[in-house]
Amino acid sequence: MGRGINPGDAWDDPADLLIRADLARPQPMARLVQGDVGSGKTVVALASLLCAIEAGCQGALMAPTEVLAEQHYRKLGEWLPQLHVSSALLTGSTPATRRRALLQDLANGQLQLLVGTHADHQTISLIATFSRSVSLLK
Numbered sequence: 019m020g021r022g023i024n025p026g027d028a029w030d031d032p033a034d035l036l037i038r039a040d041l042a043r044p045q046p047m048a049r050l051v052q053g054d055v056g057s058g059k060t061v062v063a064l065a066s067l068l069c070a071i072e073a074g075c076q077g078a079l080m081a082p083t084e085v086l087a088e089q090h091y092r093k094l095g096e097w098l099p100q101l102h103v104s105s106a107l108l109t110g111s112t113p114a115t116r117r118r119a120l121l122q123d124l125a126n127g128q129l130q131l132l133v134g135t136h137a138d139h140q141t142i143s144l145i146a147t148f149s150r151s152v153s154l155l156k
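In this note's numbering, the protein residues as written are 19 to 156.
Rendered as structure tokens:
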């Protein structure tokens with residue numbers, strides 16, 4: 019994982035190694051990461067996202083609530099600039115003009131990682147548009 023990306027010990031666990039193997043396949047990965055609070059689910063998700071970003075893709079980290087999405091975004095804001103990874107927060111309270119700007123940044127590849135809420139149907143629509151645009155670029 020070049021660029022100094024170091025997900026810590028996340029890849030030492032056999033289950034995490036399966037995720038890394040999934041990421042190397044040409045078809046999309048479908049995994050459910052389940053665990054107690056503080057067990058490392060977000061670290062595994064971030065490590066997976068960073069692998070995808072390093073491979074030239076874009077990614078999204080979705081949370082069930084705005085509060086959790088904001089917490090994730092603030093924490094990632096401490097780490098991602100050091101890795102030269104661009105990120106943005108998109109929630110139900112994101113103004114329409116900002117939402118349009120984020121869509122443009124996703125479409126043109128300037129935005130590598132989107133943090134948002136999956137309960138917001140507009141966000142889901144944006145992610146679907148984002149996914150199509152990424153597929154068209156490949």
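In this text, a Cβ means the ideal position worked out from N, Cα and C, and glycines have one as well.
Secondary structure of residue i, DSSP reduced to three states
i	result
Arg21	Reliability fails at Arg21, whose pLDDT of 41 lies under 50, so the model's placement of it is uncertain and no value is given.
Val133	strand
Ser111	coil
Gly53	coil
Gly26	No answer about Gly26 holds up, because its pLDDT of 47 lies below 50 and its placement is not dependable.
Ala42	coil
Cys69	helix
Gly95	helix
Ala63	helix
Ala48	coil
Lys156	Confidence in Lys156 is poor, its pLDDT being 40 and thus under 50, which makes the residue's placement unreliable; the coordinate value appears in the next sentence. Residue state, collapsed to three classes: coil.
Ile37	helix
In DSSP terms, what residue i is bridged to
i	result
Met80	Gly134
Ser105	Leu131
Close Cβ partners of residue i (< 8 Å) along its chain, the five nearest in sequence each way excluded
i	result
Glu88	Leu107, Thr109
Gly53	Lys59
Ser105	Tyr91, Leu94, Gly95, Leu98, Leu129, Gln130, Leu131, Leu132, Val133
Leu120	Ala106, Leu108, Thr112, Leu129, Leu132, Leu144
Spatial neighbours of residue i in its chain, beta-carbon cut-off 7 Å, leaving aside the 5 residues before and after
i	result
Leu67	Gly77, Leu79, Leu131
9 Å Cβ cutoff, residue i in contact with chain D
i	result
Val103	The chain labelled as chain D is not found in the depicted structure, where only one protein chain is given.
Cβ neighbours of residue i in the same chain (closer than 6 Å, five flanking residues each side left out)
i	result
Ala70	Gly77
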